[in-house]
Each structure stands twice: as C-alpha cells, then as structure tokens.
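Numbering (my numbering), first residue to last: 2 to 164. For glycine and all other residues, C-beta sits at the position ideal for the given N, C-alpha and C.
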C-alpha cells in the first residue's frame, strides 16, 4: 500500500516513484498495464526532463545494473520499448536527452545487447510479453536441478550433507 502511494504521487522524487513502481511490478502487486500507465504518466512530455530521467533511473536501476536488468528481464525492456514507440514523432526530440542520459550510464556491451534485443522484437527473444511466469524460469520447481546445488552449498557452508 505504501509503495503504491509512493509510485502514484507526483510530489515524490522521480527515482523513488520509479523504484516503487518497479518493486510493485516485481511483486505482482500491479500488472504490466498499470506499470505502463505509471511510466507513461511519469515520462509524459509535460514532465521536466530531470524528473523523467530520475523516474526511469529508479524504474530500471540506472547505472547500478539497470542495463543488465533490461537485458535479462524482457518484461521490463518491453515496457520501456512500448513507451518509447508510443512517443509521438514531434515529442521524440524532447525525449532524446532523457534516453541519452539513462542509457549512457550503461556499459558499451550492455547498450549493444539492448539494441540487438530491441531490433529482434518481441517474438524472437526481444522485448515484449512472454509466456506466463517469470522470464527465464520454469513454471514450477525442478527438484533434480535444485538438488544439484546441494553439494556446493554444503562445501561453502562447511556443513555435512544428510545421507
């Protein structure tokens, strides 16, 4: 409830609103449609560029691994891509500095990978909706794979495996 209030209040700094929106999305407390609405509102042409940049930095993690987050979470990349493709041509020039600021903090390899993912599109491993569940994870637990890490965990923790 508190995160939702943070995400929806315009008087809250953008970085906090963006992070709150992402946390709500990650926890399944809001859907992709609600996250897209919050993003659209926060990144609208009427929003000062510094506020919009702060929001997107909060949402995708900014320089603290945000690029890798977008590379590995196609749902988030799909939301950013959908917002960007919905920006009217006449407003794109106003959005460009925001994008430059956000993406310039990413490593060159991450920027190149993001470009490749976006170029491929949603159906071929790029951004966009995927099968239900968390991208990159099976719908259910795989006990055999989970048991495979037990010897390493016991070694790290200095414990003995139960027979």
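For residue i, tell me which candidate among the options has the shortest Cα-Cα distance.
| i | options | result |
| --- | --- | --- |
| residue 89 | 55, 156, 46 and 39 | 46 |
| residue 85 | 30, 57 and 12 | 57 |
| residue 82 | 18, 113, 148 and 37 | 37 |
| residue 27 | 11, 117, 5 and 161 | 5 |
| residue 73 | 118, 159 and 19 | 118 |
| residue 31 | 106, 8 and 13 | 8 |
| residue 76 | 29, 106, 101 and 160 | 29 |
Can you tell me the Cβ-Cβ gap for residue i and residue j, rounded? I've got them flagged as a contact below 8 Å.
| i | j | result |
| --- | --- | --- |
| residue 97 | residue 53 | About 12 Å; that fails the 8 Å criterion. |
| residue 80 | residue 40 | 6 Å |
Quick check: the Cα distance between residue i and residue j, rounded to an integer number of angstroms?
| i | j | result |
| --- | --- | --- |
| residue 23 | residue 110 | 24 Å |
| residue 44 | residue 143 | 40 Å |
| residue 104 | residue 115 | 10 Å |
| residue 93 | residue 87 | 10 Å |
| residue 34 | residue 3 | 20 Å |
| residue 48 | residue 146 | 47 Å |
| residue 91 | residue 50 | 16 Å |
| residue 171 | residue 113 | The structure shown does not extend to residue 171, since the chain spans only 2 to 164, so no value can be given for it. |
| residue 42 | residue 95 | 15 Å |
| residue 60 | residue 121 | 23 Å |
| residue 15 | residue 108 | 23 Å |
| residue 19 | residue 55 | 8 Å |
| residue 158 | residue 150 | 12 Å |
| residue 21 | residue 13 | 11 Å |
Under the three-state reduction of DSSP, which class applies to residue i: helix, strand or coil?
| i | result |
| --- | --- |
| residue 20 | helix |
| residue 11 | coil |
| residue 43 | helix |
| residue 66 | coil |
| residue 86 | helix |
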